[in-house]
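Participant: Residue numbers (the numbering used here), protein chains in the order written: chain A, 1 to 327; chain B, 328 to 654. Here a beta-carbon is modelled for each residue, glycine too, at the ideal position from N, C-alpha and C. Below is a structure I'd like to ask you about.
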């Protein structure tokens with residue numbers, strides 16, 4: 001749950017930075033071992049449009065997309081030979097990688113092959129930039145394509161991209177229609193771990209609930225005792241704040257968020273489809289006020305504790321101090 | 328290979344920082360999905376002594392170690408009850424977690440249980456600190472243990488540790504005998520990806536080798552053409568520098584490093600055991616001069632290109648410029 005939440009959050013940031021342009025997940029080769037399937041699933045939940053991870057396509061039904069590799073281009077005597085071979089193999093879904101030798105010259109050769117495809121009644125779908133000044137190159141390549149009447153050809157950009165670089169490219173007016181994002185997306189770089197933990201909060205002893213908590217040497221590591229509920233306040237359709245309460249408290253004018261998913265060690269709910277999970281993530285994100293949607297230094301969404309929870313925590317801290325520390 | 332190399336390198340840094348104290352890998356809960364087995368294997372190759380990943384113990388034969396969880400302590404009415412229950416269950420391999428409520432008070436209770444174990448002819452193996460000022464607490468706990476005649480009891484420390492924090496603890500004279508390292512070790516935080524790539528360097532065409540290279544828009548992304556060998560210079564048993572040459576060049580006074588591992592798509596070598604790989608990593612590391620062994624700002628180990636490789640690269644760049652760019 002830690003890892004999926006981390007990567008879905010990362011994907012959501014990348015998708016948001018791209019302001020509507022599609023994000024293709026290209027990260028398989030940098031996945032942390034066999035975690036790739038879980039990672040790709042999370043990027044799709046976070047809003048990515050497709051993946052280059054073919055196994056994720058097969059096993060999870062996530063749309064698959066990809067373009068040619070540099071090794072495909074270099075395996076031919078000439079770059080344009082590789083473009084023609086690719087266009088022959090994929091006439092109706094042809095994306096050409098144009099930076100193997102020089103992106104501008106690659107774009108000119110892509111125009112030649114695009115025109116050849118037109119004569120066959122097909123259309124070149126796009127070209128991909130993978131290095132260099134992507135903002136500048138995308139504008140120059142756009143001019144080359146448009147000048148040849150290929151204004152329908154999309155420009156894809158990739159190459160160590162992340163949410164900050166995409167935001168910067170958008171600010172510079174880059175003419176990029178779609179981003180391929182790999183390493184950063186699939187590992188969460190520079191934050192590859194979400195420090196979620198499980199701690200005991202309650203045990204049944206002789207038929208009654210006994211709240212439990214850990215104090216530790218650091219306030220941040222102290223836990224909240226007792227069985228709980230989580231409540232969300234909304235206004236004008238937007239989320240305002242959450243309150244964590246004890247199970248027997250009722251918070252007025254708020255919606256309870258928790259649903260039973262496991263009971264006595266068994267799954268106790270209907271498992272939603274991947275697309276339903278993805279839609280729920282998108283809906284929730286759209287209900288989050290814009291002030292929380294900045295890549296850096298966003299304010300913290302308010303989560304408060306109910307009076308009952310605060311009182312219980314104080315009572316238990318008091319008991320622990322007396323029985324475990326000052327005894 | 329990227330991921331295993333990354334994590335083994337991280338482990339090697341952590342092990343080196345601990346100056347001979349054992350590192351136990353505790354990272355399973357933060358592993359990136361199903362990549363945990365590959366990650367744990369790499370931490371063992373990098374020099375970790377044991378893992379809390381029981382499946383890695385079962386499948387790979389890596390020594391397993393672990394201590395009690397906070398939830399075990401809090402599940403009892405009193406901390407000392409949990410210690411006694413644990414000592415009953417594991418009388419000859421008992422490590423007690425002492426920071427659930429207060430580490431100093433936990434240490435005093437551990438002394439009581441340690442003395443009870445002595446009466447049964449057993450010995451408490453250790454106590455674990457997991458929060459707070461580990462340098463200070465370890466010194467205070469050492470005094471408590473030694474004062475009670477339990478100088479044989481080890482102190483284990485954990486809690487978001489990494490190579491920098493361990494180096495700092497060692498400098499402060501912390502009385503820690505063993506470190507448990509989890510999140511940072513298993514994900515490589517803050518560097519969760521090693522950007523290794525494969526690119527085409529040579530193809531057979533009509534029975535002869537044709538060297539290939541990628542130029543791209545960035546010098547750092549340009550590749551080296553042709554089939555190659557790697558040579559290492561040593562002196563007084565220490566590594567001095569490496570040279571990458573073409574396959575048909577011979578470099579005097581250096582040892583060739585490459586071995587054939589795959590031929591025609593099949594594994595063509597005897598696969599070494601995990602312990603042999605681990606020993607080889609340790610031997611190689613010990614042959615690396617100390618100046619490269621600092622956690623930050625270490626000089627770059629010199630890797631040079633042979634005259635033949637430089638000449639071939641220039642020739643191919645020239646050809647690409649002429650045929651692909653200026654054409």
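Between B:365, B:588, B:626 and B:435, which lies nearest to residue 470 of chain B when the distance is taken from Cα to Cα?
Facilitator: When only C-alpha atoms are compared, the closest one is B:435.
Participant: Does the Cβ-Cβ distance between residue 10 of chain A and residue 46 of chain A come in under 8 Å?
Facilitator: In contact: residue 10 of chain A and residue 46 of chain A (Cβ atoms closer than 8 Å).
Participant: Between the alpha carbons of residue 218 of chain A and residue 152 of chain A, how many angstroms are there, rounded?
Facilitator: About 58 Å.
Participant: Can you list, in chain order, the residues of its chain with a C-beta nearer than 8 Å to that of residue 141 of chain A? Leave out the 5 residues immediately preceding and following it.
Facilitator: Only 98, 103, 104, 107, 127, 129, 155 and 175 meet the Cβ criterion.
Participant: Tell me the DSSP bridge mates of residue 565 of chain B?
Facilitator: In the DSSP output, where bridge partners are listed per residue, residue 565 of chain B has B:562.
Participant: Could you give the distance in angstroms between the alpha-carbon of residue 290 of chain A and the alpha-carbon of residue 40 of chain A?
Facilitator: The alpha-carbon atoms of residue 290 of chain A and residue 40 of chain A are separated by roughly 27 Å.
Participant: Can the beta-carbon of residue 569 of chain B be found closer than 8 Å to that of residue 588 of chain B?
Facilitator: Their beta carbons are not under 8 Å apart, which means residue 569 of chain B does not touch residue 588 of chain B by this criterion.
Participant: Contact defined as beta carbons within less than 8 Å: I believe residue 324 of chain A pairs with residue 428 of chain B. What is the distance between those atoms, to the nearest angstrom?
Facilitator: Confirmed, about 4 Å.
Participant: Contact between the segment 288–308 of chain A and the segment 398–414 of chain B is defined here as three or more beta-carbon pairs at a separation below 8 Å; is this criterion met?
Facilitator: Contact between the segment 288–308 of chain A and the segment 398–414 of chain B is absent, because fewer than three Cβ pairs lie under 8 Å.
Participant: Checking the sheet assignment: what are the DSSP bridge partners for residue 483 of chain B?
Facilitator: Its beta-bridge partners are B:455 and B:505.
Participant: Any chance the segment 181–198 of chain A sits against the segment 507–518 of chain B, with 3 or more Cβ pairs inside 8 Å?
Facilitator: Yes: the two stretches touch, three or more of their Cβ pairs being nearer than 8 Å.
Participant: Kindly say whether residue 214 of chain A, judged by its beta-carbon, lies nearer than 8 Å to any beta-carbon of chain B.
Facilitator: True, the Cβ-Cβ gap to chain B drops below 8 Å.
Participant: Excluding five sequence neighbours on each side, which residues of the same chain lie with their C-beta closer than 6 Å to the C-beta of residue 255 of chain A?
Facilitator: The answer, listed in chain order, is 232.
Participant: Could you check what DSSP says for residue 216 of chain A in three-state terms: helix, strand or coil?
Facilitator: Residue 216 of chain A falls in the coil class under three-state DSSP.
Participant: Determine which residues share a DSSP beta bridge with residue 209 of chain A and list them.
Facilitator: For residue 209 of chain A, which the question treats as bridged, DSSP gives the partners A:204.
Participant: What are the start and end residues of the beta strand (DSSP E) that includes residue 295 of chain A?
Facilitator: Segment: none, residue 295 of chain A is in no beta strand (DSSP E) and carries neither H nor E.
Participant: Does DSSP put residue 37 of chain A in a helix, in a strand, or in coil?
Facilitator: Here residue 37 of chain A sits in helix by DSSP.
Participant: Return the residues of the segment 90–115 of chain A that lie within a Cβ-Cβ distance of less than 9 Å from chain B, sorted by chain order.
Facilitator: Under the 9 Å Cβ criterion, the segment 90–115 of chain A contributes 99, 100, 101, 102, 103, 104, 105, 106 and 109.
Participant: Can you find a CB in chain B that lies within less than 8 Å of the CB of residue 199 of chain A?
Facilitator: So, interface residue.
Participant: Quick one: grab the DSSP three-state call for residue 591 of chain B.
Facilitator: Coil.
Participant: Pairing CB atoms from the segment 207–226 of chain A with CB atoms from the segment 50–70 of chain A, are three or more of them under 8 Å?
Facilitator: Not touching, per the Cβ criterion.
Participant: Classify residue 634 of chain B as helix, strand or coil using the three-state DSSP reduction.
Facilitator: In the structure shown, residue 634 of chain B sits in a helix (DSSP, three-state: H, G or I).
Participant: Against chain A, which members of the segment 545–560 of chain B pass a CB distance test of less than 7 Å?
Facilitator: Hits within the stretch, in order: 545 and 548.
Participant: What residues are listed by DSSP as bridge partners for residue 377 of chain B?
Facilitator: Residue 377 of chain B pairs with B:351.
Participant: Taking the straight line between their C-alpha atoms, what separation do you get for residue 26 of chain A and residue 17 of chain A?
Facilitator: Rounded to whole angstroms, residue 26 of chain A to residue 17 of chain A spans 17 Å at the Cα level.
Participant: If I'm right that residue 330 of chain B touches residue 32 of chain A with Cβ under 8 Å, what's the distance once you round it to whole angstroms?
Facilitator: Yes, they are in contact, since the Cβ atoms of residue 330 of chain B and residue 32 of chain A sit about 5 Å apart, within 8 Å.
Participant: For chain A, find out if any of its Cβ atoms is closer than 8 Å to the Cβ of residue 651 of chain B; answer yes or no.
Facilitator: Output row for residue 651 of chain B: interface = yes.
Participant: Could you have a look at residue 300 of chain A and say whether DSSP puts it in helix, strand or coil?
Facilitator: Residue state, collapsed to three classes: coil.
Participant: Residues in the same chain with beta-carbon distance under 8 Å from residue 57 of chain A, minus the five sequence neighbours each way, listed in chain order, please.
Facilitator: Excluding positions up to five away in sequence, the list reads 51, 63 and 64.
Participant: I need the DSSP call for residue 229 of chain A, collapsed to helix, strand or coil.
Facilitator: Reduced to three states, the DSSP call for residue 229 of chain A is strand.
Participant: Under three-state DSSP, which class holds residue 399 of chain B?
Facilitator: Helix.
Participant: Helix, strand or coil for residue 612 of chain B, going by three-state DSSP, please let me know.
Facilitator: In this structure, residue 612 of chain B counts as helix in the three-state DSSP scheme.
Participant: Quick check on this structure: which residue in B:335, B:642, B:339 and B:347 has the alpha carbon closest to the alpha carbon of residue 539 of chain B?
Facilitator: Ranking the options by Cα distance to residue 539 of chain B, first place goes to B:642.
Participant: To the nearest angstrom, report how far apart residue 474 of chain B and residue 437 of chain B are at their CA atoms.
Facilitator: One C-alpha to the other measures close to 13 Å.
Participant: Quick one: is residue 520 of chain B near chain A, going by C-beta distance under 8 Å?
Facilitator: Chain A contact via Cβ: present.
Participant: Nearest to residue 446 of chain B by alpha carbon, out of B:349, B:506 and B:419?
Facilitator: If we check each option's Cα against that of residue 446 of chain B, B:419 comes out closest.
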